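Chemist:
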Amino acid sequence: MRKDMKLNDIPKRNVHQVPEGYFDRLPMQIMERTARREQVTATAWYASLWRPVRHAMAPLILLLMFVGIYFFNIQQNQQQEMVTTVASLSDEEIMVYLDTYAQVETADFEEHSLADQDLAVEFLNVSSTTAEEELEYYKINDLDY
Amino acid sequence: MEDKELLEKFANPESRNMAFNQLVRKYQQKVYWHIRKMVIDHDDTDDLTQEVFVKIWKNLENFRKDAQLYTWIYRIATNECLSFLSSKKRKFFLPINDVTAELMEKIESSPDIAGDEVQLKLQKAILKLPDKQRLVFNMKYFDDMKYEEMSEILGTSVGALKASYHIAVKKIEEYLKQD
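First to last, the sequence lines map onto chains P and S.
Residue numbers for the first sequence follow the working numbering, beginning at 1 and rising by one.
Residue numbers for the second sequence follow the working numbering, beginning at 1001 and rising by one.
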């Protein structure tokens, strides 16, 4: 190679080669690629809409679980308090309460179906004297309907 | 088909595919060779060329009609090349010289490259240039592009391009003198 070689002395040549028929196939490959990209774009809006919902789902479920547990605990505490309060009442206090507020209504009987055999037997085994005493005790005649 | 007519047909959804196909056929070789001279490897060039045309497809609607279509296409291809080369350097944590060495190895061993000793030495000399200077050299020396057109594509002043090309030629000639 000459030591004083200039760029202009070298003929311009493209030394790179391409596989045979490459430029005949390339347009088709490009068209296929654009078509695939179009499909991706078409489904992308749906995915972008669904993505935030999907991301919010886990914290939403956790929040609902906490809220559920919170209200369940409140209810449990209220029931527990009620049981404790009732248990602490003396028999006399209960009798005074029932004497003042308890009124037997038709709806109360509906709660006890005839199918409830134990209750029916217990009820039928009461002697007529006891039943009269009971009626006398609740002063049915004084009830204002 | 003229660029103006291609753009009009592309704007119409019914003739869009046909117009784009025509556009690809018209510009595929210019884009391919522009990229190939920068990235050397055929497979990389093939992938980048397809990516350039996908970008053209996506953005052609927003193309300003007052600009030259081929200038706009060249700019997309140039950006793809430079991004590819810089990502290649970042990806493998390689200094610039190692990427250059890899490309030089391809010049020597690739079956897709054919040329005599002088031609191959010229290719190696070009690879020694920094990427942007190599781009300027390729566009001027091989594509015979006007400095004004290059200025529009690269967003650089004509004076800077002339200086860059002059320096590139000097560097290449220095390399050619070496054994």
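Every residue, glycine too, gets a C-beta built ideally from N, C-alpha and C.
Since we're looking at a predicted model, the values are computed, not measured.
Might you give, ordered along the chain, the residues of its own chain that have their beta carbon closer than 7 Å to the beta carbon of S:Phe1020, omitting 5 neighbours on each side?
Modeler: Cβ within range, chain order: Phe1010, Trp1057.
Chemist: Does P:Ser88 pass the burial test, meaning 16 or more other C-beta atoms within 10 Å, or should it be called exposed?
Modeler: P:Ser88 is exposed by the Cβ-count criterion.
Chemist: Using three-state DSSP, classify S:Ile1167 as helix, strand or coil.
Modeler: Helix, per DSSP.
Chemist: Hey, would you say S:Ala1168 sits closer than 8 Å to S:Val1136, going by beta carbons?
Modeler: Cβ atoms of S:Ala1168 and S:Val1136: closer than 8 Å.
Chemist: Residue ranges of each alpha helix (DSSP H) run of no fewer than 4 residues wholly in the segment 63-95 of chain P, ordered along the chain?
Modeler: DSSP runs (the alpha helix (DSSP H)) wholly in the segment 63-95 of chain P: none.
Chemist: Could you tell me the boundaries of the alpha helix (DSSP H) in which S:Lys1124 lies?
Modeler: Run containing S:Lys1124: 1117-1127, per the alpha helix (DSSP H) assignment.
Chemist: What ranges does the alpha helix (DSSP H) occupy inside the segment 1007-1056 of chain S, keeping only unbroken runs of at least 4 residues that lie completely in it?
Modeler: As far as the segment 1007-1056 of chain S is concerned, its whole alpha helix (DSSP H) runs of at least 4 residues are 1016-1039.
Chemist: Please list, in chain order, all residues of the same chain as S:Glu1173 whose beta carbon is under 6 Å from its beta carbon, the five residues on each side excluded.
Modeler: Taken in chain order, the list of residues that qualify is empty.
Chemist: Grab the span of the alpha helix (DSSP H) containing S:Gln1133 for me, first residue to last.
Modeler: Run containing S:Gln1133: 1131-1137, per the alpha helix (DSSP H) assignment.
Chemist: With a cut-off of 8 Å on the beta carbons, I'd call S:Lys1171 and S:Leu1129 a contact; round off their distance for me.
Modeler: Rounded, the Cβ-Cβ distance is 6 Å, consistent with contact.
Chemist: Tell me the residue span of the alpha helix (DSSP H) that contains S:Lys1089.
Modeler: Residues 1069-1091.
Chemist: Between S:Lys1162, S:Val1158, S:Leu1069, S:Glu1080, which lies nearest to S:Glu1002 when the distance is taken from Cα to Cα?
Modeler: For S:Glu1002, the nearest C-alpha among the options comes from S:Leu1069.
Chemist: Quick one: which chain P residues come within Cβ less than 7 Å of S:Trp1057?
Modeler: Those within 7 Å of S:Trp1057 in chain P are Thr34.
Chemist: Can you tell which of P:Val67, P:Gln79, P:Ala35 has its C-alpha closest to the C-alpha of S:Asn1017?
Modeler: Out of P:Val67, P:Gln79, P:Ala35, P:Ala35 has the C-alpha closest to the C-alpha of S:Asn1017.
Chemist: Who are the near neighbours of S:Thr1045 in its chain, counting only those whose CB is closer than 7 Å to its CB and skipping five residues on each side?
Modeler: The residues are Tyr1032, Ile1035, Arg1036, Val1039.
Chemist: Determine the DSSP secondary structure at P:Ile10, reduced to helix, strand or coil.
Modeler: Looking at P:Ile10 - three-state DSSP - the assignment turns out to be coil, as it is neither helix nor strand.
Chemist: When you compare only the Cα positions, how much space is there between S:Leu1007 and S:Lys1177?
Modeler: The alpha-carbon atoms of S:Leu1007 and S:Lys1177 are separated by roughly 49 Å.
Chemist: Could you check the C-alpha separation between P:Glu38 and P:Ile30 for me, to the nearest Å?
Modeler: Using only the alpha carbons, I get a separation of about 12 Å.
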